[in-house]
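Since the structure comes first, as structure tokens, the remarks are kept for the end.
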Amino acid sequence: MKTVLFFSKRFFKIARRRKPLQQVDLLHSARSDLYHWLLALSWQKFLLLTTIFYLVTNIIFATAYLTAGDGIANAKPGSFKDAFFFSIQTLSTVGYGSMYPETIYAQILVTIEVWTGLLLLAILTGLMFARFSRPTARVLFSKVAVICPFNGVPTLMFRTANQRENQILEAQIQVSLVRNEISSEGHFMRRFYDLNLLRSQTPIFGLSWQVMHPIDKNSPLFGTSADILAQENAELWVTLTGLDETFSQTIHARYLYSYQDILWDMKLVDIFLQASDGKYYIDINRFHDVIAFYPKEVNSRVKTSRVADQ
């Protein structure tokens, strides 16, 4: 059984290294769903792609104008530079007037390019509007999750914060444990387990939210350890949804914790600060900080305080 688990774990690592879970085949996505692919691209890649497409389109039409010979007035014969800038003026429908088509062949090319420019302008305008109008979430997740006692129960904890100054209404969060398992028949599979949280929703998400899962007998993490999570290649998948009060639209955020990101016998540093005006703030600079948790010292202080009270 250990041998099967070792090879299964090794196979999963190799497969994931070749194709991670969140990696997307860009070429396949572009062929099958071009619109979604253009919307899903980052702004840097989108602007780079449109710039390259714009230049390539003008280069193609400039090459076509060169085949027209003296079809462009006031352009140097055989000058690619003049043909290229004439193509830019035609594609954008600027038309400064210093260069213009003289022959029927050149006028046909100008007609095709003007129609192409109007079509591309309409498409790019729609894409830009769709990208700008799409609501996005700026939610910060702590880089690590910790496991430490809370009210005497080992508890998995991590936190999240809203980086915008507005509110996220009716926010809901879901945490799933994903790990490798082998059935009694030897079937290898990747299993999902939903984790019960002390609080899975909040009416207003403004500052910070510390998510806690008690590791009791009903928890899939009950009886586990750091070594077991490493053997199972365990991960925590976190999804957060809510209603953005500015856009009045649903926003989504997600994060993934691997077993290396789960720290044992550690606790999150307190980040809440109260100003002189009575308002609460969070210290983002310490958002990811953790400190060691010493249960023996805590228990001794609790016992001492109880004796003093008596």
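864 is the number of the first residue of the sequence shown in the numbering used here; add one for each residue after it.
Virtual Cβ for every residue (Gly too), placed ideally from N, Cα, C.
Close CB contacts of residue 1092 within its chain, under the 7 Å cut and outside five residues either way in sequence, are with 1122 and 1125 (chain order). If you ignore the 5 residues before and after residue 1030, its C-beta comes within less than 6 Å of the C-beta of 1067, 1069 and 1108, all in its own chain and listed in chain order. Per DSSP, the continuous beta strand (DSSP E) segment holding residue 1010 begins and ends at 1008 to 1013. Closest option to residue 1059, judged by alpha-carbon separation, among 921, 1129, 1143 and 1036: 1036.
Its chain contains no residue whose beta carbon lies nearer than 8 Å to that of residue 907 once the 5 sequence neighbours on both sides are disregarded. According to DSSP, residue pairing for residue 936 in a beta bridge does not occur.
Taking 8 Å as the cut-off, the beta carbon of residue 973 is found no closer than this to the beta carbon of residue 956. Secondary structure remark: continuous alpha helix (DSSP H) runs of at least 4 residues inside the segment 1071 to 1110, in chain order: 1089 to 1094. Here residue 1057 carries a strand assignment [DSSP, helix/strand/coil]. Counting the other CB atoms within 10 Å of its CB gives residue 918 a total below 16, which places it among the exposed residues. One thing to note: residue 1043 has its Cβ no nearer than 8 Å to the Cβ of residue 1055. Scanning its chain for C-beta atoms nearer than 8 Å, with the 5 sequence neighbours on each side dropped, one finds around residue 1145 the residues 1024, 1070, 1071, 1134, 1135 and 1136, in chain order. By the neighbour-count criterion, in which 16 or more other beta carbons inside 10 Å mark a residue as buried, residue 895 falls on the exposed side.
Residue 976 and residue 934 have their C-alpha atoms roughly 15 Å apart.
Rounded to whole angstroms, the gap between the alpha carbons of residue 931 and residue 980 is 20 Å. Spanning the alpha carbons of residue 941 and residue 1114 requires a straight line of approximately 55 Å. Taking C-beta separations shorter than 6 Å and ignoring five residues to either side along the sequence, the partners of residue 1118 in its chain run 1004 and 1101, following chain order. Contact annotation, residue 1020 with residue 1034: C-beta distance approximately 17 Å; criterion of less than 8 Å not satisfied. From the listed residues 1002, 1017, 1086 and 1106, the smallest Cα separation to residue 1150 is found for 1002.
Per DSSP, reduced to three states, the secondary structure at residue 1048 is coil, with no helix or strand assignment. Secondary structure of residue 1022 (DSSP, three-state): strand. Selection 1086, 1045, 949 and 1062 evaluated against residue 936 yields 949 as nearest (Cα-Cα).
In this structure residue 1084 touches residue 1040 by the C-beta definition: roughly 7 Å separates them, less than 8 Å. For the pair residue 916 and residue 929, the CB atoms are not nearer than the 8 Å cut-off. If you ignore the 5 residues before and after residue 946, its C-beta comes within less than 6 Å of the C-beta of 925, 928 and 929, all in its own chain and listed in chain order. A straight-line Cα-Cα distance of about 6 Å links residue 1152 and residue 1132. The DSSP-derived three-state label of residue 1117 is strand.
DSSP, read as helix, strand or coil, puts residue 959 in coil.
Boundaries of the alpha helix (DSSP H) harbouring residue 949: 943 to 954, taken from the DSSP string. Taken atom to atom, the span from the alpha-carbon of residue 984 to that of residue 978 is near 10 Å.
Per DSSP, residue 967 is not a residue of any beta strand (DSSP E); the alpha helix (DSSP H) it occupies stretches across 967 to 996.
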